[in-house]
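Trainee: Numbering (this note's numbering), first residue to last: 3 to 512. Below is a structure I'd like to ask you about.
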């Protein structure tokens, strides 16, 4: 835990005295603390905390070109509250008028007839309840006084010997691996609500539920390998009892544990995968891409410039994240405002062109042409400017600005892949957002206990986040996978988040 800095009161006269004395002899510990406190107080007043990297927040007095490159969206005015149409998962109950029906004589005037309105009056009622509800069934038992035979009432339809059904497993998995709620926290909540749900029981439920739905995750991996664009990155993770593979000498020497995130764009669909262990993101991406069909062209691999993110043994078209290069200048903007402003505004024009391509729904080839016409001159001018900073000695190579410039120049070709390769993205933000799910688990649950527990978490995170990327209800999806485990094992491709509803509809018709 970082020690809290002791407060030291400093006035201007005393600070002047300390600085004058520093010209003649080294500062004492007390005087050094006074100067340091004054500098920290000054920095606190000058540096404004921010939670965004937009140019307007980094350099508030800048009218960033990126804000004018793409026209703002026109949102209709409203009160900001969710209407009834937003409650897609709510139970719908239609209430008929108790006295009147369509075509009856009007009781008010007695002349006209009443007709049903197209839009009924809608009321929304939200109630509070436990995440998992429990029902206790008391089956009456009768005993014969003569023969001793016991007769027990029949249990309701759909209620069997299993205590926890598919919906319970889906909800626990969604809370744990989708929302970052630790088992012990859910246990405490349910204890207060009078529905005991021990953490050990929760783990047994999700562990047993994970086994029959593994074919869905394996099919996601197979289809992700066929993607046109593959994003990857990793974040640190903690596994208490990690048994490393002795055959992997390089991994056995590592002390770190990582969760790698891979997002593949295949046929317009986005597939998210998670892998936890000693392997880096590049090694996990390599294992995925080895399942790629041989006749397919090399995919675009988008990652940051770390060498460990590049897969080995597979053919790829490498593209690096332009947002990482931009972030180098964001971090030093307070110290070098003018040159950083120039770089951020130039990159803002490129992002503005990409936003226009999305709004116009351009194909990859049309998007490439747009960038070559409008973004290529901007990037060429930026490259010349970067080289001049060193050639004309306007930037110190070892300074923060110099390191940021060096980063762009050293990785210029993969950073500008979007100017040469159709469909190459500008940045790796999609997988960084996906990794927030693993980060949320790390911040709340702190660790996985075993590697098996991590693999269960990876499975559910992959399914849940893929559902989110596809706009599918992950709760309903996990339920149906469990209920149709036999059909899933026979043909996993028909039980993906984007087509399982169609498969269910076909099964009901037949």
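A virtual CB, placed ideally from N, CA and C, is assigned to each residue, including glycine. Here the structure is a predicted model, which is why all the values come from computation and not from measurement.
(1) Can residue 287 be considered in contact with the ligand GDP, in the sense that its beta carbon sits closer than 8 Å to one or more heavy atoms?
(2) My understanding is that residue 134 touches residue 176, with C-beta atoms under 8 Å, so please give their C-beta distance in whole angstroms.
(3) Quick one, are the C-beta atoms of residue 283 and residue 263 less than 9 Å apart?
(4) Using only alpha-carbon positions, find the residue among 390, 393, 389 and 358 that is nearest to residue 377.
(5) Nearest to residue 468 by CA position, among 33, 180, 59 and 299, is which residue?
(6) Once DSSP output is grouped into helix, strand and coil, what is the label at residue 314?
(7) List the endpoints of the continuous alpha helix (DSSP H) containing residue 220.
(8) Taking Cβ positions, are residue 292 and residue 312 nearer each other than 9 Å?
(9) With the cut-off set at 9 Å, would you say residue 428 and residue 324 are in Cβ contact?
(10) Can you check which of these residues, 139, 386 and 187, is closest to residue 159 by C-alpha distance?
(11) With a 10 Å radius around its C-beta and 16 neighbouring C-beta atoms as the bar for buried, classify residue 327 as buried or exposed.
(12) Taking C-beta to C-beta, are residue 241 and residue 278 nearer than 9 Å?
(13) So residue 346 and residue 381 are in contact, right, with Cβ under 8 Å, and what is the actual spacing, rounded?
(14) Any idea which residues DSSP pairs residue 518 with across the strands?
(15) Which residue's Cα is closest to the Cα of residue 481: 37, 167 and 271?
(16) Quick one: give me the first and last residue of the beta strand (DSSP E) that residue 152 is part of.
(17) If you measure from the beta carbon of residue 463 to each beta carbon in chain D, is any gap under 9 Å?
(18) Return the chain-ordered ranges of every alpha helix (DSSP H) run that is complete within the segment 268–297 and spans a minimum of 4 residues.
(19) Let's see if you can read the secondary structure: which residues bound the alpha helix (DSSP H) around residue 208?
(20) Express the C-alpha separation of residue 223 and residue 145 in angstroms, rounding to a whole number.
(21) Could you round the C-beta distance between residue 437 and residue 235 to whole angstroms and report it? I think they count as a contact, below 8 Å.
(22) Per DSSP, what kind of secondary structure is residue 57 in: helix, strand or coil?
(23) By DSSP, does residue 309 sit in helix, in strand, or in coil?
Mentor: With the structure as the only source:
(1) This structure lacks the ligand GDP, and indeed carries no ligand of any kind.
(2) Taking the first residue of the chain shown as 1, we reach residue 134 at position 132. Taking the first residue of the chain shown as 1, we reach residue 176 at position 174. Actually they do not touch by this definition, with Cβ atoms about 11 Å apart.
(3) Here residue 283 refers to the residue found at position 281 of the chain shown. Here residue 263 refers to the residue found at position 261 of the chain shown. Result yes, Cβ atoms of residue 283 and residue 263 sit closer than 9 Å.
(4) Numbered from its first residue, the chain shown carries residue 377 at position 375. The shortest C-alpha separation from residue 377 is found at 358.
(5) Reading the chain shown from its first residue, position 466 is the one you call residue 468. Nearest in C-alpha terms to residue 468, of all of 33, 180, 59 and 299, is 180.
(6) For the purposes of this step, residue 314 is taken as residue 312 along the chain shown, with counting starting at 1. Three-state result, residue 314: coil.
(7) To locate residue 220, count along the chain shown from 1; it is residue 218. In the DSSP annotation of this structure, the continuous segment of the alpha helix (DSSP H) that includes residue 220 starts and ends at 216–226.
(8) Start at 1 with the first residue of the chain shown, and residue 292 comes out as number 290. Start at 1 with the first residue of the chain shown, and residue 312 comes out as number 310. Not a contact, by the Cβ cut-off of 9 Å.
(9) Here residue 428 refers to the residue found at position 426 when the chain shown is read from its first residue. Here residue 324 refers to the residue found at position 322 when the chain shown is read from its first residue. Their beta carbons are under 9 Å apart, which means residue 428 touches residue 324 by this criterion.
(10) To locate residue 159, count along the chain shown from 1; it is residue 157. Nearest C-alpha to residue 159: 139.
(11) To locate residue 327, count along the chain shown from 1; it is residue 325. Here residue 327 is buried. Its C-beta has 16 or more other C-beta atoms within 10 Å.
(12) The count along the chain shown starts at 1 and reaches residue 241 at position 239. The count along the chain shown starts at 1 and reaches residue 278 at position 276. Going by C-beta atoms, residue 241 is nearer than 9 Å to residue 278.
(13) What you label residue 346 is simply residue 344 of the chain shown in a count that begins at 1. What you label residue 381 is simply residue 379 of the chain shown in a count that begins at 1. In this structure, residue 346 and residue 381 do not form a Cβ contact; the two beta carbons are roughly 14 Å apart against a cut-off of 8 Å.
(14) A query on residue 518 cannot be resolved here, the shown segment of the chain reaching from 3 to 512 and no further.
(15) Position 479 of the chain shown, counted from the start, is the residue given in the question as residue 481. Comparing Cα-Cα distances from residue 481 to each of 37, 167 and 271, the minimum goes to 167.
(16) As a first step, residue 152 is located in the chain shown; it is residue number 150 there, counting from the start. Note, residue 152: beta strand (DSSP E), 152–154.
(17) Of the chains in the structure shown, none is chain D; there is only one protein chain.
(18) Counting whole runs of 4 or more residues, the segment 268–297 contains the alpha helix (DSSP H) stretches 283–291.
(19) For the purposes of this step, residue 208 is identified with residue 206 of the chain shown, where counting begins at 1. Where residue 208 is concerned, the enclosing alpha helix (DSSP H) stretches over 201–212.
(20) Locating residue 145 in the chain shown gives position 143, where the first residue counts as 1. Locating residue 223 in the chain shown gives position 221, where the first residue counts as 1. Pairing residue 145 with residue 223, the inter-Cα distance amounts to about 57 Å.
(21) Indexing the chain shown from 1 puts residue 437 at position 435. Indexing the chain shown from 1 puts residue 235 at position 233. With 8 Å as the limit, residue 437 and residue 235 qualify as a contact, their Cβ atoms being about 6 Å apart.
(22) Here residue 57 corresponds to residue number 55 of the chain shown, with the count starting at 1. Per DSSP, reduced to three states, the secondary structure at residue 57 is helical.
(23) Within the chain shown, numbered from 1, the residue matching residue 309 stands at position 307. The answer is helix: DSSP assigns residue 309 an H, G or I state.
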